[in-house]
Amino acid sequence: MPTTPKYTVPGLDIAAAAEAAAMLQDRLVSLVDLSLTLKHIHWNVVGPMFVGVHEMLDPQHAGVSAMVDAVAERIATLGGEPNGLPGNLVATRRWNDYSQGRAQVPVHLRELDRVYEGVIGDHRQVAAKLAEIDPVSEDLLIGHTGDLELYQWFVRAHLESTDGSLERGSADGSSGPAPAERRTAAATS
Ligand SMILES: [Fe+2]
66 MPTTPKYTVP GLDIAAAAEA AAMLQDRLVS LVDLSLTLKH IHWNVVGPMF
116 VGVHEMLDPQ HAGVSAMVDA VAERIATLGG EPNGLPGNLV ATRRWNDYSQ
166 GRAQVPVHLR ELDRVYEGVI GDHRQVAAKL AEIDPVSEDL LIGHTGDLEL
216 YQWFVRAHLE STDGSLERGS ADGSSGPAPA ERRTAAATS
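The opening residue of the sequence shown carries number 66 in this note's numbering; numbering runs sequentially from there.
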């Protein structure tokens, strides 16, 4: 359990700081998971378009790693205790591990699109809740959300068909709705 802040930033009370830190901790876990997943895909993607996708993922990993640091340091700034340890990540995340190992480019990109869908949707939800108690933390997540949406567009641009629609089959390459992998809705909702 995170410790209760002993002090926090000016203009924010301790209870609000603890609440904001808990919301940010949820996003920290998500971003650490995403950063590890991006490298996993970087290493395991194969097939036509390999180099482009392999190299596209390193800047995304670097960007997400910077987000991890910023969110963790915001938690600390609020007087909270950021926890990015692997055991805590596995114990508290609300989704299953990334489903693919060594696999073709379209399989990974469809699955990564789904990953971004979850991360970005939760970021927006948490940012909206933070608006009520700590606009500075909200602003941090809004900035990150814009970058994450940009990264998702990079992925989606590979999945756009000639009629302009998005190919969003399941990760195994079959069509139809994606299987529900997220264990629950956002914990903070
Ligand atoms: Fe590499």
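For every residue, glycine included, the Cβ atom is placed at its ideal position computed from N, Cα and C.
Assigned secondary structure, residue i (DSSP; H/G/I helix, E/B strand, else coil)
| i | result |
| --- | --- |
| Gln190 | helix |
| Glu22 | The displayed coordinates of the chain run from 66 to 254. Any statement about residue 22 would go beyond what the structure contains. |
| Gln165 | coil |
Opening and closing residue of the alpha helix (DSSP H) in which residue i lies
| i | result |
| --- | --- |
| Val74 | Where Val74 is concerned, there is no enclosing alpha helix (DSSP H), given that its DSSP letter is neither H nor E. |
| Glu232 | Looking at the DSSP string, Glu232 is not in any alpha helix (DSSP H), and its letter there is neither H nor E. |
| Met114 | Looking at the DSSP string, Met114 is not in any alpha helix (DSSP H), and its letter there is neither H nor E. |
| Trp151 | One detail in the question is off: residue 151 reads as Pro in this sequence, not Trp. Run containing Pro151: 151-157, per the alpha helix (DSSP H) assignment. |
Near ligand 1: residue i beta-carbon under 7 angstroms from a heavy atom
| i | result |
| --- | --- |
| His188 | no |
| His105 | no |
| Asp212 | no |
| Asp199 | no |
| Asp134 | no |
| Asp98 | no |
| Asp162 | no |
| Asp123 | yes |
Residue i classed as buried or exposed, judged by whether at least 16 other C-beta atoms fall within 10 angstroms
| i | result |
| --- | --- |
| Ala192 | buried |
| Val136 | buried |
| Tyr72 | exposed |
| Asp78 | exposed |
| Asp178 | buried |
| Gly117 | exposed |
8 angstroms Cβ cutoff met for residue i and residue j
| i | j | result |
| --- | --- | --- |
| Glu182 | Leu195 | no |
| Ile140 | Pro147 | yes |
| Val133 | Gly149 | yes |
| Asp123 | His105 | no |
| Leu224 | Arg175 | yes |
| Leu206 | Arg92 | yes |
| Gln165 | Val172 | yes |
| Ala85 | Ile198 | yes |
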